[in-house]
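Protein chains in written order, with the numbering used here: chain U, 72 to 247; chain Y, 387 to 564. We put the beta carbon where it would ideally sit given N, CA and C, even for glycine. Structure, as structure tokens:
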Amino acid sequence: MKTEEQLDQALSRLPREIQPPRDLWAGIEAQLEPRQQPWWKRAQPQRWAAVLVVALTGVLWWQLQEEPGQSLLAVWEQQTPEWFAALPAEQQIIASYEQVKAEQLASLTEVSPDVGDWQYQLAIWDQAIDQVRTALVWNPDEPFLLAQMQGLYQQQLDYLQRISSIDADYDVWMEN
Amino acid sequence: MSAELLRVIQLAQKGDRQAFHLLYQQHVGRVYAVCWRLLGDAQKAEDACQEIFIKVWQRLPEFKGDSSLGTWLHSIATRTAIDLWRQDKRLRFADSEEVNDTADALQLDQQGSAPGEGRDLELAIQRLPAQAKAVFILFALEGYQHTEIATMLGIAEGSSKAQYHRARQLLRGFLGED
């Protein structure tokens, strides 16, 4: 090679890439450490949702103390819908139905003896709801399970509604 | 940066190894080239390559996309290879026989070049004195400026330029020996 130009030409023809004689990926992959997530991301979302629901209930309870004439549900509805919408679907269902259920139970004064053991009946539904929640831990946001949980809650509410109406009829009958 | 590449980077940043494997496949050739040329030894180049990709994996969450991934990744590769070259040059000079064997194994001749030309040039580069070789590889093959090379090697910019010209003279001499 006699000239600078010849050297430059030879250099320009050298490859910019050289493949290693063997695949190095297996050795590299074996040494890759799993990514460390920040602590707030490591907690399970269900646990955070539960914490949020408890916190919200506390806030609502405090607001009720401030405004005694207002119902809990009304206070609930006053909360920003975006906040509520940000909760996982499972927690939205639980929060809304449990609230209504609590109100219905609170409004029950005297239950007709004709109804039977209504608390046992409610406990059976609660047990079924717990089983669906367990299944949701393994299959979060599964639409079928969410619908099933919603259906069970609705059955509970319908049952409570029926009990309270029997109670009312009983009162009316007694008055007459 | 294409949307697809961006998605792959984001997945790798979150810890997706398959996505990182794609990035490895895309860049390993260029990373291995700088390692092999600086270290002059296939085994050391492989070890360096592994170290570099492990570093890239560790630092990938810091990559914000200010430069291209290739530029960012290659900067890590070059600096790591220089660190290893610096340690290595204290220990020994590259064994010329070993370099010959590696050059054969890598099939360094390229299309468009005279038979043996690429291989001869690669071997001639390996015969250069350590610092002249590093400066030459970084300037002529990796595209760094003398100011950058001076910083990376811890020498004056003038020294980098002088080493480069010396390297060219030596190369012309080595290649004209036949």
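| Of all Cβ atoms in chain Y, is any one closer than 8 Å to the Cβ of ARG87(U)? | yes
| message | Between ALA419(Y) and chain U, is any beta-carbon pair separated by less than 8 Å? | response | yes
| task | Please name the residue, chosen from TRP196(U), ASN210(U), PHE155(U), that lies closest to GLN225(U) on a Cα-to-Cα basis. | result | TRP196(U)
| query | Cβ of GLN396(Y) less than 8 Å from any chain U Cβ? | reply | no
| message | I'd like to know whether the C-beta of ARG505(Y) is nearer than 8 Å to at least one C-beta of chain U. | response | no
| said: I want to check one thing, is the minimum distance from the CB of TYR550(Y) to the heavy atoms of the ligand FAD below 7 Å? | reply: In the structure shown, the ligand FAD is absent, as is every other ligand, since no ligand is present at all.
| said: Excluding the 5 residues flanking PHE560(Y) on each side, which residues of the same chain have their C-beta closer than 7 Å to its C-beta? | reply: ALA510, ARG513
| Counting only beta-carbon atoms, is GLU76(U) nearer than 8 Å to chain Y? | no
| DSSP state of THR533(Y), grouped into three classes? | helix
| task | Rank GLN175(U), PRO92(U), ILE89(U), GLU181(U) by C-alpha distance to the C-alpha of GLN232(U) and give the top, closest one. | result | GLN175(U)
| field | Outcome for ARG87(U) when other beta-carbon atoms lying within 10 angstroms are tallied against a minimum of 16 | value | exposed
| Given a threshold of 16 other Cβ atoms within 10 Å of its Cβ, counted over all protein chains shown, does THR466(Y) qualify as buried or as exposed? | buried
| query | Just how far apart, CA to CA, sit ALA516(Y) and SER454(Y)? | reply | 30 Å
| Closest residue to ASP185(U) among ILE99(U), GLU104(U), ILE237(U), SER178(U) (Cα-Cα distance) | ILE237(U)
| request: Write down every uninterrupted run of the alpha helix (DSSP H) in the region 401-450 of chain Y whose length is 4 residues or greater and which is fully enclosed by it, in chain order. | output: 403-425, 428-445
| query | Which same chain residues, not among the five before or five after VAL203(U), have their C-beta less than 6 Å away from its C-beta? | reply | LEU216, GLN219, MET220
| message | Which residue wins for smallest C-alpha separation from VAL208(U), given the options LYS172(U), TYR168(U), PRO159(U), GLU75(U)? | response | PRO159(U)
| request: With distances taken Cα to Cα, identify the nearest neighbour of ALA97(U) among ALA536(Y), ILE440(Y), PHE449(Y). | output: ILE440(Y)
| said: Buried or exposed for GLN227(U), going by 16 or more other Cβ atoms inside 10 Å? | reply: buried
| Who are the neighbours of GLY98(U) on chain Y, taking C-beta pairs under 7 Å? | GLN436
| said: Tell me the DSSP secondary structure of ASP79(U) in three-state form. | reply: helix
| request: Give the straight-line distance between the Cα atoms of GLU104(U) and GLU448(Y), rounded to the nearest whole angstrom. | output: 16 Å
| Taking buried to mean at least 16 other C-beta atoms within 10 Å of its own C-beta, is GLN549(Y) buried or exposed? | buried
| message | Can you find the residues in the same chain that come closer than 6 Å, C-beta to C-beta, to VAL417(Y), ignoring five residues on each side of it along the sequence? | response | CYS435, ILE438, ALA463
| field | Local Cβ density within 10 Å of HIS460(Y), reported as buried at 16 or more and exposed below that | value | buried
| task | Classify THR74(U) as helix, strand or coil using the three-state DSSP reduction. | result | coil
| DSSP on GLY187(U), reduced to helix/strand/coil? | coil
| request: Quick one: give me the first and last residue of the alpha helix (DSSP H) that LEU103(U) is part of. | output: Segment: none, LEU103(U) is in no alpha helix (DSSP H) and carries neither H nor E.
| query | Quick one: is TYR530(Y) near chain A, going by C-beta distance under 8 Å? | reply | Looking at the structure shown, chain A is missing, and the protein chains on hand are U and Y.
| request: Consider the Cβ of LEU527(Y): report whether some Cβ of chain U lies at a distance smaller than 8 Å. | output: yes
| Cutoff 8 Å: ILE200(U) Cβ touching any chain Y Cβ | no
| query | Taking buried to mean at least 16 other C-beta atoms within 10 Å of its own C-beta, is ASP94(U) buried or exposed? | reply | exposed
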